[in-house]
Amino acid sequence: MKTSNQNLFPLMIRLAGRKCVVIGAGDVAVAKIEGLLSCGAKVVVVGPKAVHRIQQWANAGHLVWRPRRFSAQDLTDAFLAIAATGSPSTNESVFRACQARKILCNSVDDPQHCDFFYPAVVHRGPLQIAVSTSGCSPALAARLRKELARQFGPEWAAFVRRVGEKRHEILSTAPSARRKKLLKEIAIPPIELRRI
106 MKTSNQNLFP
116 LMIRLAGRKC
126 VVIGAGDVAV
136 AKIEGLLSCG
146 AKVVVVGPKA
156 VHRIQQWANA
166 GHLVWRPRRF
176 SAQDLTDAFL
186 AIAATGSPST
196 NESVFRACQA
206 RKILCNSVDD
216 PQHCDFFYPA
226 VVHRGPLQIA
236 VSTSGCSPAL
246 AARLRKELAR
256 QFGPEWAAFV
266 RRVGEKRHEI
276 LSTAPSARRK
286 KLLKEIAIPP
296 IELRRI
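Counted from 1, the sequence shown has number 152 at position 47 by my numbering; the numbering is strictly sequential.
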């Protein structure tokens, strides 16, 4: 497998209200679609046949399903695209069409045709811990995610929410000279959360 030596720029991005196109409507696409929907993206799925879950989402109005083969026109006004067809040549065609339109593209299991990769993520309320191997080994990223999930249990969600509330209070009421110190103090987790 050939991988890029370029460094990747890690970021969290808001997708709410943005058009995200998924080409392919099989089982591989389901997990990708689920993540996009959870972020409030406007999801368009293109694929001649769709698995039951995608049909359910379409029937409920959570996404638009176009039951046909991919056309470059499907990318009109898209923010990003995911090629998940199971056909390397189709996925490459999607990637090339995205490149021509300056649209970010992820081609599942094909790092050479990706502008971005899906990290393995631990979700604890507002806390998200993402692990990436830049496409070198999704299995390793998944293993590290499991280890982090044990270290950062569900109780971290409440702690992070409390820190967020206190941060808002500090920023709106504390004198600017004391803010930095106070913000550092509230970010110290209680002893019962320190498993690291």
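Heads up, the beta-carbon is just placed ideally off N, CA and C, and yes, glycines get one too.
Run of the beta strand (DSSP E) containing residue i, from where it starts to where it stops
i: Ser212; result: 209-212
i: Cys125; result: 124-128
Local Cβ density within 10 Å of residue i, reported as buried at 16 or more and exposed below that
i: Asn112; result: exposed
i: Phe200; result: buried
i: His167; result: exposed
i: Ala130; result: buried
i: Thr190; result: buried
i: Phe257; result: buried
i: Gly240; result: buried
i: Leu141; result: buried
Under 8 Å between C-beta atoms of residue i and residue j
i: Val265; j: Leu253; result: no
i: Ile275; j: Arg284; result: yes
i: Arg299; j: Pro259; result: no
i: Asp179; j: Val151; result: yes
i: Ile118; j: Val127; result: no
i: Ala225; j: Ala205; result: no
i: Ile159; j: Ala134; result: yes
i: Leu209; j: Phe221; result: yes
Start and end residues, alpha helix (DSSP H) containing residue i
i: Arg158; result: 157-164
i: Lys101; result: Coverage of the chain is limited to positions 106 through 301, which leaves residue 101 absent and any answer about it impossible.
i: Arg229; result: Not the alpha helix (DSSP H): Arg229 falls in the beta strand (DSSP E), residues 225-229.
i: Gln204; result: 193-206
i: Gly269; result: 260-278
i: Arg248; result: 243-256
i: Ile118; result: Where Ile118 is concerned, there is no enclosing alpha helix (DSSP H), given that its DSSP letter is neither H nor E.
i: Ser239; result: Where Ser239 is concerned, there is no enclosing alpha helix (DSSP H), given that its DSSP letter is neither H nor E.
Identity of the residues DSSP links to residue i by a beta bridge
i: Arg171; result: Val151
i: Ile234; result: Val227
i: Leu185; result: Cys125, Leu209
Is the stretch 193-213 touching the stretch 230-249, taking contact as three or more C-beta pairs under 8 Å?
-> no
Are three or more beta carbon pairs between the stretch 178-194 and the stretch 115-130 nearer than 8 Å?
-> yes
Quick check: the stretch 204-214 against the stretch 154-169, are there 3 or more CB pairs under 8 Å?
-> Verdict: no, contact absent.
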